[in-house]
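Before any comments, here is the structure.
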Amino acid sequence: MLMQTAAQDRQKGDELVTLAGAGIRRNGRWLVRGVDLSIHRGEIVTLIGPNGAGKSTTAKMAIGVLRADEGKVDRKASLTIGYVPQKLAIDWTMPLSVRRLMRLTAKLDDASLMAALTDVGIPHLVDAEVRHLSGGEFQRALLARAIARNPDLLVLDEPVQGVDFAGESALYELIRTIRNKTGCGILLISHDLHMVMADTDTVICLNGHVCCRGTPEAVSRSDDYRRLFGNVGAGLAVYSHRHDHTHLPDGRVQHKDGSVTDHCHPDDGHHHEHAGHGHEHHDDDHSHEHQHGDHTHAGGKGHHHA
Amino acid sequence: MNISMAITRMPAARGIIMLDDFFFRALLAGIGLALTTGPLGCFVVWRRMAYFGDTIAHSALLGVALSLLLDINLLVSVFGVAVVVSLLLLVLQKRQALSADALLGILSHSTLAIGLVMVAFMSWVRIDLIAFLFGDILAVTPADIALIWGGGLFVLAALVVLWRPLIASTVSADIAEAEGLKPERARLLFMLLMALVIAIAMKIVGIMLITALLIIPAATARRFSSAPEGMAVLSSLIGVIAVVGGLFGSLTYDTPSGPSIVVAALILFILSLLPGRAKNLADGGTTSGGRS
Chain A
1 MLMQTAAQDR
11 QKGDELVTLA
21 GAGIRRNGRW
31 LVRGVDLSIH
41 RGEIVTLIGP
51 NGAGKSTTAK
61 MAIGVLRADE
71 GKVDRKASLT
81 IGYVPQKLAI
91 DWTMPLSVRR
101 LMRLTAKLDD
111 ASLMAALTDV
121 GIPHLVDAEV
131 RHLSGGEFQR
141 ALLARAIARN
151 PDLLVLDEPV
161 QGVDFAGESA
171 LYELIRTIRN
181 KTGCGILLIS
191 HDLHMVMADT
201 DTVICLNGHV
211 CCRGTPEAVS
221 RSDDYRRLFG
231 NVGAGLAVYS
241 HRHDHTHLPD
251 GRVQHKDGSV
261 TDHCHPDDGH
271 HHEHAGHGHE
281 HHDDDHSHEH
291 QHGDHTHAGG
301 KGHHHA
Chain B
1001 MNISMAITRM
1011 PAARGIIMLD
1021 DFFFRALLAG
1031 IGLALTTGPL
1041 GCFVVWRRMA
1051 YFGDTIAHSA
1061 LLGVALSLLL
1071 DINLLVSVFG
1081 VAVVVSLLLL
1091 VLQKRQALSA
1101 DALLGILSHS
1111 TLAIGLVMVA
1121 FMSWVRIDLI
1131 AFLFGDILAV
1141 TPADIALIWG
1151 GGLFVLAALV
1161 VLWRPLIAST
1171 VSADIAEAEG
1181 LKPERARLLF
1191 MLLMALVIAI
1201 AMKIVGIMLI
1211 TALLIIPAAT
1221 ARRFSSAPEG
1231 MAVLSSLIGV
1241 IAVVGGLFGS
1251 LTYDTPSGPS
1261 IVVAALILFI
1271 LSLLPGRAKN
1281 LADGGTTSGG
1291 RS
């Protein structure tokens, strides 16, 4: 019972960020739509999905870099955010050492600065110029900068890009340690499901909308995940869920029955299985399979999602 | 005698009588301006806003024309037009119908052309266009000097206050936004500061040469800097050297003062490219003192 109460507390009290039906529209096209997610204190949420699925857009919406065009985004008052963006192009005309980068958005004493750089394994680069760093070193420097802020919410957009395999495990270990030590919430974007498995509390699979979600264990027992795991390294094939629809290059959606609609919003009648048929299940086994099984929508436009 | 004297709009009688006096005033004005354009110019270079600076400068001629037409203060008019053009640019960029540089090209040349056409229509006023286009630093009055130093100190103070958000949003607007530094506001205020400096600087180096004073000292300082703060201070100093060198060159060789200053800045820039004199950038711990 105590356990349950604790779990409920986390459910109710400690939301750092909550998105409800949130979406971003650009040039008449929904980049991502109908996103429900919340990140609690001490929770690691991982977003996965193919390129262009709206992972970065969703993260930016959660931290207020982008304003949601529909739905609601609630952030806890005076939330300290540490953000590692996916891409960062610094004009070489700006002289910038790692030390200066660490103090980009807030003051920081030398001891904390060195401690954060030591945590990510690059204390020796403290006076190096940022533009001379390798991709992996730069990524570590950005991570160090974000964690040195002691954030309530750490948002990491593909934090291990350019980092070699050994370094990758070490960085994930570090992220877990940070969570355990500081109790911050972490929103992680990855297209590498197997590496974040052990530490992630919730995996959310995006493809213009929330395709499926659950604990890593739950997802890993699903057919989808087996396919993912079996295909690691095969690029986009990693994300070959049995989708009931295809996202066309022009942003429209082709459904299994051949019909084409402008988007795949959960409420548009094509995707009742996303919104309704529980992706909230975290413990039980049978419901994790992200199946877009044979069923006819009673209320929708009558399409078959075979 | 100096050629610039010939194109002086309002011959300052005292200045001609006391050569030392007008030259000293020119030095004072130029140094004040260079101190201001140094740090501002660094942001222009870092944020790739050179063309934006040019556009605002060109729009100043429209400001001049409006000032004459409506009989309002020149500085207010030029600043007003610069602000309107900046805001127009922000709005047009949001709509994304055209690329930023095409928009800048349109605004830049059309404001300049409208200004010239308006001036031509106003047959009742006689203005020295050359002085507005290429500056007339030898004609500055004590009031101008007060304005340059007062305005300059204001701009520098504003930059100090805005420093962290400006640097952070230059590195990454997303990080700055996520971590609560309001990069959009910083960008808008920076544009206003640019407009103010260009309004002030127009009289000194002229519409066509203002951007040079923003960019060349900053570009020269780059090689010798290992922190943004150091680069800002250094480009101020380099600008001061260019002003002093340019003015003395103008006096010695009887050349127009504004272009002479730009030529002096260019010579410093070329010297900075010579190999072997820059300190090693990789071991840059020494000049990161400006951090807080």
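Sequences listed follow chains A and B, in order.
First residue of the first sequence: 1, per my numbering; consecutive thereafter.
First residue of the second sequence: 1001, per my numbering; consecutive thereafter.
C-beta: ideal position from N, C-alpha, C; glycine also.
Buried versus exposed, by CB contacts within 10 Å (16 or more), Leu174 (chain A): With 16 or more Cβ atoms within 10 Å of its Cβ, Leu174 (chain A) is classed as buried.
Applying a beta-carbon distance threshold of less than 9 Å, which residues of chain B neighbour Lys60 (chain A)? Simply Asp1174, Glu1177, Ala1178.
Can you give me, in chain order, the residues of the region 144-175 of chain A that have a beta carbon less than 8 Å from any beta carbon in chain B? Listed by position, the residues of the region 144-175 of chain A near chain B (Cβ gap below 8 Å) are Arg149, Val155.
Check whether the Cβ atoms of Ile1204 (chain B) and Gly1080 (chain B) sit closer than 8 Å, and answer yes or no. When the beta-carbon positions are compared, Ile1204 (chain B) and Gly1080 (chain B) stay at least 8 Å from each other.
Can you grab the Cα-Cα spacing for the pair Thr1111 (chain B) / Leu1103 (chain B), in whole Å? When the Cα atoms are used, Thr1111 (chain B) and Leu1103 (chain B) turn out to be separated by approximately 12 Å.
What residues of chain B sit near Gly64 (chain A), judged by a beta carbon separation below 9 Å? Result: Glu1177, Ala1178, Gly1180.
Spatial neighbours of Ala1065 (chain B) within its chain, please: CB distance less than 6 Å, with the 5 preceding and 5 following residues excluded, ordered by chain position. These residues qualify, in order along the chain: Gly1115, Met1118, Val1119.
Limits of the unbroken alpha helix (DSSP H) element including Glu158 (chain A): In the DSSP annotation of this structure, Glu158 (chain A) is not part of any alpha helix (DSSP H), being labelled neither H nor E.
Grouping DSSP H, G and I as helix and E and B as strand, with all else coil, what is Gly183 (chain A)? In the structure shown, Gly183 (chain A) sits in coil (DSSP, three-state: anything other than H, G, I, E or B).
Since Leu113 (chain A) contacts Met102 (chain A) with CB under 8 Å, what's their CB separation in whole angstroms? Contact holds; Cβ gap of about 5 Å.
Mind checking if Val1119 (chain B) is an interface residue toward chain A, Cβ cutoff 8 Å exclusive? By this cut-off, Val1119 (chain B) is not an interface position.
What do you get for Val1091 (chain B), buried or exposed, if any count of 16 or more other CB atoms within 10 angstroms of its CB means buried? Classification for Val1091 (chain B): exposed.
Measure the C-alpha to C-alpha separation of Asp1174 (chain B) and Leu1251 (chain B) and round it to an integer number of angstroms. C-alpha separation (whole angstroms): 49 Å.
CB contact below 8 Å: Glu43 (chain A) versus chain B: For Glu43 (chain A), the answer is no, since every Cβ of chain B falls outside 8 Å of its Cβ.
If I follow the unbroken alpha helix (DSSP H) through Val1081 (chain B), where does it start and stop? Bounds of the alpha helix (DSSP H) holding Val1081 (chain B) are 1074-1095.
Residues of chain A with a CB under 9 Å from the CB of Arg1048 (chain B): which are they? What Arg1048 (chain B) touches in chain A: Asp91, Thr93.
Excluding the 5 residues flanking Leu1274 (chain B) on each side, which residues of the same chain have their C-beta closer than 8 Å to its C-beta? There are no such residues.
Neighbour list for Pro85 (chain A) in chain B, Cβ cutoff strictly below 7 Å: Ordered by position in chain B, the residues that pass the 7 Å Cβ test against Pro85 (chain A) are Ser1172, Asp1174, Ile1175.
Listed from N- to C-terminal order along the chain, which residues in the region 1222-1254 of chain B have their beta-carbon within a distance smaller than 8 Å of any beta-carbon of chain A? Going along the region 1222-1254 of chain B in chain order, one finds Arg1222, Ser1225, Ser1226, Ala1227, Pro1228, Gly1230, Met1231 with a Cβ nearer than 8 Å to chain A.
Between Ile1167 (chain B) and chain A, is the shortest Cβ-Cβ distance under 8 Å, so that the two count as touching? Yes - at least one Cβ of chain A is within 8 Å of the one on Ile1167 (chain B).
With a 10 Å radius around its C-beta and 16 neighbouring C-beta atoms as the bar for buried, classify Lys60 (chain A) as buried or exposed. Counting C-beta atoms within 10 angstroms of its own C-beta, Lys60 (chain A) has 16 or more neighbours from the protein chains shown and is therefore classed as buried.
Less than 8 Å between CB atoms is the rule here; does Glu15 (chain A) satisfy it with respect to chain E? The structure shown has no chain E; the protein chains it does contain are A and B.
Judging by CA-CA distance, which residue of B:Ser1236, B:Ile1238, B:Pro1259 is the nearest neighbour of Leu1247 (chain B)? Of B:Ser1236, B:Ile1238, B:Pro1259, the smallest CA-CA separation from Leu1247 (chain B) is found for B:Pro1259.
Taking C-beta pairs closer than 8 Å, name the residues in chain B that Glu137 (chain A) reaches, listed in chain order. Neighbours of Glu137 (chain A) on chain B: none; closest Cβ ~13 Å, over 8 Å.
Within this structure, are the beta carbons of Leu98 (chain A) and Asp127 (chain A) separated by less than 8 Å? It should be pointed out that residue 98 (chain A) corresponds to Val in this sequence rather than to Leu. Val98 (chain A) places its beta carbon less than 8 Å from that of Asp127 (chain A).
Where Val1045 (chain B) meets chain A, residues with beta-carbon distance less than 9 Å: Among the residues of chain A, those whose CB is under 9 Å from the CB of Val1045 (chain B) are Asp91, Thr93, Met94, following chain order.
If you drop the 5 nearest sequence neighbours on each side, which residues of the same chain put their C-beta closer than 6 Å to that of Ser1272 (chain B)? The answer, listed in chain order, is Thr1220, Arg1223.
Output yes if chain B places a C-beta closer than 8 Å to the C-beta of Ser134 (chain A); else output no. At a cut-off of 8 Å between beta-carbon atoms, Ser134 (chain A) makes no contact with chain B.
Pull out every residue of the region 103-123 of chain A whose Cβ sits closer than 8 Å to any Cβ of chain B, in chain order. Arg103, Leu104, Thr105, Ala106, Lys107: these are the residues of the region 103-123 of chain A whose beta carbon lies less than 8 Å from some beta carbon of chain B, given in chain order.
Consult DSSP for Thr1055 (chain B) and reduce its assignment to one of helix, strand or coil. Three-state DSSP puts Thr1055 (chain B) in a helix.
Compare the C-alpha of Gly1152 (chain B) against each of B:Gly1032, B:Leu1133, B:Asp1021 and name the closest. Comparing Cα-Cα distances from Gly1152 (chain B) to each of B:Gly1032, B:Leu1133, B:Asp1021, the minimum goes to B:Gly1032.
Going by other Cβ atoms of all chains shown within 10 Å of its Cβ, with 16 needed for buried, is Leu16 (chain A) buried or exposed? Buried, by the Cβ-count rule.
Determine whether the beta carbon atoms of Gly82 (chain A) and Pro151 (chain A) lie at a separation below 8 Å. Contact flag set, yes.
At what residues does the alpha helix (DSSP H) containing Val1263 (chain B) begin and finish? Run containing Val1263 (chain B): 1257-1273, per the alpha helix (DSSP H) assignment.
Quick one: Cα of Asp199 (chain A) to Cα of Arg29 (chain A), how far? Near 34 Å, if we compare the C-alpha coordinates of Arg29 (chain A) and Asp199 (chain A).
Taking one C-beta from the region 1158-1178 of chain B and one from the region 56-73 of chain A each time, how about it: are there three or more such pairs within less than 8 Å? The region 1158-1178 of chain B vs the region 56-73 of chain A: in contact.
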